[in-house]
Amino acid sequence: MISVDGLAVEFSGTTLFNNVSFVINENDKIALMGKNGAGKSTMMKIIAGAQKATRGNVRCPKETVIAYLPQHLLTDDNCSVFEEASKAFSEIHEMQQEIDRLNKELETRTDYDSEEYMGIIQKVTDLGEKFYAIEEVNYDAEVEKALQGLGFKREDFTRPTSEFSGGWRMRIELAKILLQKPDLILLDEPTNHVDIESVIWLEDFLKNKAKAVIVISHDKAFIDNITNRTIEVTMGRIYDYKANYSHYLQLREERRSHQIKAYQEQQKFIADTKQFIERFKGTYSKTNQVNSRERMLEKLELIEIDEVDNSSLKLRFPPSARSGDYPVIAKELSKKYGDHVVFKEASMSIARGEKVSFVGRNGEGKSTMIKAIMGEIDFEGECALGHNAKVGYFAQNQASLLDPNLTVFQTVDEVAKGDVRTQIKNILGQFMFSGDNIDKKVGVLSGGERTRLAMVKLLLEPVNVLILDEPTNHLDIRSKDVLKEALMAFDGTLILVSHDRDFLSGLSNKVFEFKEKRVIEHFETIDAFLERNRMENLREIQLKN
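In this text, residue positions in the sequence shown follow full-length UniProt numbering: the first is 1, and each later residue adds one.
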């Protein structure tokens, strides 16, 4: 059991949270929720020991192992993937090496009655008790299972880590954490860099193998599937619910309804009291009553209504000219880099108004296909946009294409047309740009802020074909909901690449699966595909185990 006692964080005269206390039990699976800036990541870093609180502390038993995903970034580029993941067991291997070293020293020494000799015997005994108490496992097999579960192929095991992107390096770090079998796993947005199949594997591991887990995530399906408790950080305090995310949302609404009712009653009481004071102030016979009520108001603890995300704004893509019958056509399309074949002889025809999803493991060619459609790469075969196709394209590097010299407001204002221009500030607010933030230059924004701004810009452009490649990686739940509503109402053609199942749900009626160098067309909704795919993957997991 881990106890969080009276945590407070203050900086620059601002209190992030104050006197926060809760207990983490052995098998708790906790979703840490709250709007951006509420202090979720800060609280997680304090629990991990990566940051100090202003006041309060985190107490846990001496041998407790707490693993935090962002805490140890991968820096050794001289290791292979397998070697780096095997570092999860480095402490055990070092313990065994130390026992062997001490035993060899005992074999060569002859000072059997000396204090040093007895000290070595005691050290070997202590280390041995600790080492042999550890469950005997096949470490190589465990590393292999974890890496394959997170999307690595066997041929990747010997490749140097320097060949992999930041997302894949993050997976190696995740594998190391999972292999340590810690008492508490802290995960901050763990699904941002992993594909759907890997998320399914991770869910199964966290639910059935892990002990306590605290997760921050904007993937509603993921947190619903793995958590049994939700802690909301809001306005400097927490609310603790023994419920998963969806149930928590219902309970939160009930709580806020009670708050609003109590607030309204208190405001009426305050108004009535002030009216009494004003009416009888200076009246000798009422002096004691007036003084009493003034003191009462001074001591009254005001009821606050917790912050509510206002998601009432409805965005629609502006109308665009009608495209031809088939805005996207590919015939016998193949792409390879050197000897590496990404996919071969792929064909697809996407009709006007169709909403399709590209799914498959990372590295199977989804983004490559999009680049071929956009004419950004060379390829074999045919691939073209149809008649009058006006494309809105959101690439994974979209944020880097914004003009760094424009302000946030100017970036959006230059594409907004008609009545929507009067709503620019409201729209930016939905994507967490408000107050002075809208006057910031794009050049000083963080990567996540730029991604959100690029999404706002896309939402306001008149297009009839939308191609979105992982659009939700830096969006919070509120922003994703706004985007999804706009896509549901979009009457053009949509091609969507995403690993966020909740976001995908209900958005497409055809699926192109990228698998084993092929592109397979499925005439079913993304929901039907994901359900079937999940069952197949879970069967694979059972076989692996």
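Using N, Cα and C, we set each Cβ at its ideal position, and we do this for glycine too.
query	result
Rounded separation between residue 547 and residue 411 - CA only	In the structure displayed, the chain extends from 1 to 545; residue 547 sits before or after that span and is not available.
Residue from 124, 229, 147, 41 whose Cα sits closest to the Cα of residue 87	147
Residue burial classification, residue 218 (beta-carbon count within 10 angstroms, cutoff 16)	buried
Straight-line gap, residue 266 to residue 294 (C-alpha atoms, nearest Å)	15 Å
Own chain residues within Cβ distance below 7 Å of residue 9, not counting five before or after	16, 17, 39, 42, 53, 54
Residue burial classification, residue 210 (beta-carbon count within 10 angstroms, cutoff 16)	buried
Proximity of residue 244 and residue 227 at Cβ, strictly below 8 Å	yes
Limits of the beta strand (DSSP E) - the one that residue 255 falls within	Per DSSP, residue 255 belongs to no beta strand (DSSP E); it is in the alpha helix (DSSP H), 245-280.
Buried versus exposed, by CB contacts within 10 Å (16 or more), residue 106	exposed
Closest residue to residue 391 among 252, 452, 525, 459 (Cα-Cα distance)	459
Where the alpha helix (DSSP H) through residue 149 begins and ends	139-149
Cut-off 8 Å between Cβ atoms - residues of its own chain near residue 331, not counting five sequence neighbours on either side	347, 381, 382, 383
Residues bridged to residue 411 (per DSSP)	None, per the DSSP bridge assignment.
Residue 362 classed as buried or exposed, judged by whether at least 16 other C-beta atoms fall within 10 angstroms	buried
Nearest-angstrom Cα separation, counted from residue 271 out to residue 503	46 Å
6 Å Cβ shell around residue 286 - same chain, five flanking residues per side excluded	280
For residue 352 and residue 318, believed in contact at Cβ under 8 Å, the rounded distance	So it is not a contact: roughly 18 Å between Cβ atoms.
Cα-Cα separation between residue 487 and residue 455, rounded to whole angstroms	12 Å
Cβ distance (whole Å) where residue 320 is taken to contact residue 464 below 8 Å	4 Å
Exposure of residue 523, with buried meaning 16 or more beta-carbon neighbours within 10 Å	exposed
Which listed residue (104, 435, 360, 477) has its alpha carbon closest to that of residue 533	360
Entirely enclosed beta strand (DSSP E) segments - the segment 213-239, minimum 3 residues	229-234
Given 8 Å, three or more beta-carbon pairs between the segment 477-484 and the segment 422-435	yes
Burial state of residue 108, where buried means 16 or more other Cβ atoms lie within 10 Å	exposed
Cβ neighbour criterion (16 or more within 10 Å) applied to residue 187	buried
Enclosing beta strand (DSSP E) for residue 349 [first to last residue]	340-350
Nearest-angstrom Cα separation, counted from residue 249 out to residue 323	41 Å
Minimum length 4: unbroken alpha helix (DSSP H) runs contained in the segment 24-51	40-48
Residues sharing a beta bridge with residue 383, DSSP	330
Option in 371, 395, 527, 341 with minimal Cα separation from residue 451	395
Nearest residue (CA-CA) to residue 247, options 142, 231, 261, 376	231
Secondary structure of residue 94, DSSP reduced to three states	helix
Proximal residues to residue 213 (C-beta, below 6 Å), its chain only, five neighbours per side dropped	29, 185, 206
Element boundaries [alpha helix (DSSP H), containing residue 87]	Run containing residue 87: none; DSSP gives neither H nor E here.
Whole-number beta carbon distance between residue 357 and residue 343, since they are thought to touch under 8 Å	In fact, because the Cβ distance is near 16 Å, the residues do not count as touching under 8 Å.
Cβ-Cβ distance between residue 84 and residue 161 below 8 Å	yes
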